[in-house]
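Numbering (this note's numbering), first residue to last: 130 to 224. Glycine included, each C-beta is placed from N, C-alpha and C at the ideal position. Each remark here refers to the structure printed beneath this line.
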């Protein structure tokens, strides 16, 4: 997954994040905000479960999982709004 550097000119907060949603061969991630850490994080929101079959044909299925903060393991994450506010000061972040 490709990330971009986001920077808040007001307070200096910096983070590398995907800035939306993306997936690789095993997980789907979404950029979210952790209210506990006051940080932007890329959280896993779904995992691929291979090997299920329908009519003898293997079908991979994505199963949703609760989003957890990779830093504090908190579960109160919210999607990062499109206007990209800084989670620390509320300023506008540049990419």
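Neighbourhood of residue 149 by C-beta distance below 8 Å, restricted to the same chain and skipping five residues each side
By one-based count along the chain shown, residue 149 stands at place 20. Only 159, 160 meet the Cβ criterion.
Whole-number beta carbon distance between residue 169 and residue 162, since they are thought to touch under 8 Å:
For the purposes of this step, residue 162 is taken as residue 33 along the chain shown, with counting starting at 1. For the purposes of this step, residue 169 is taken as residue 40 along the chain shown, with counting starting at 1. Yes, residue 162 and residue 169 are in contact; Cβ-Cβ is about 6 Å, under 8 Å.
Just to confirm before moving on: does the CB-CB distance between residue 205 and residue 193 stay below 8 Å?
Taking the chain shown and counting its residues from 1, one reaches residue 205 at position 76. Taking the chain shown and counting its residues from 1, one reaches residue 193 at position 64. Going by C-beta atoms, residue 205 is not nearer than 8 Å to residue 193.
Where in the segment 144 to 184 do unbroken runs of the beta strand (DSSP E), each at least 3 residues long, occur, reported from the N-terminal end onward?
With a minimum length of 3 residues, the continuous beta strand (DSSP E) runs that stay inside the segment 144 to 184 are 150 to 152, 156 to 163, 168 to 183.
Can you tell me the Cβ-Cβ gap for residue 199 and residue 167, rounded? I've got them flagged as a contact below 8 Å.
Your numbering for residue 199 matches position 70 in the chain shown. Your numbering for residue 167 matches position 38 in the chain shown. Going by Cβ atoms, the distance from residue 199 to residue 167 rounds to 14 Å, so no, they are not a contact pair.
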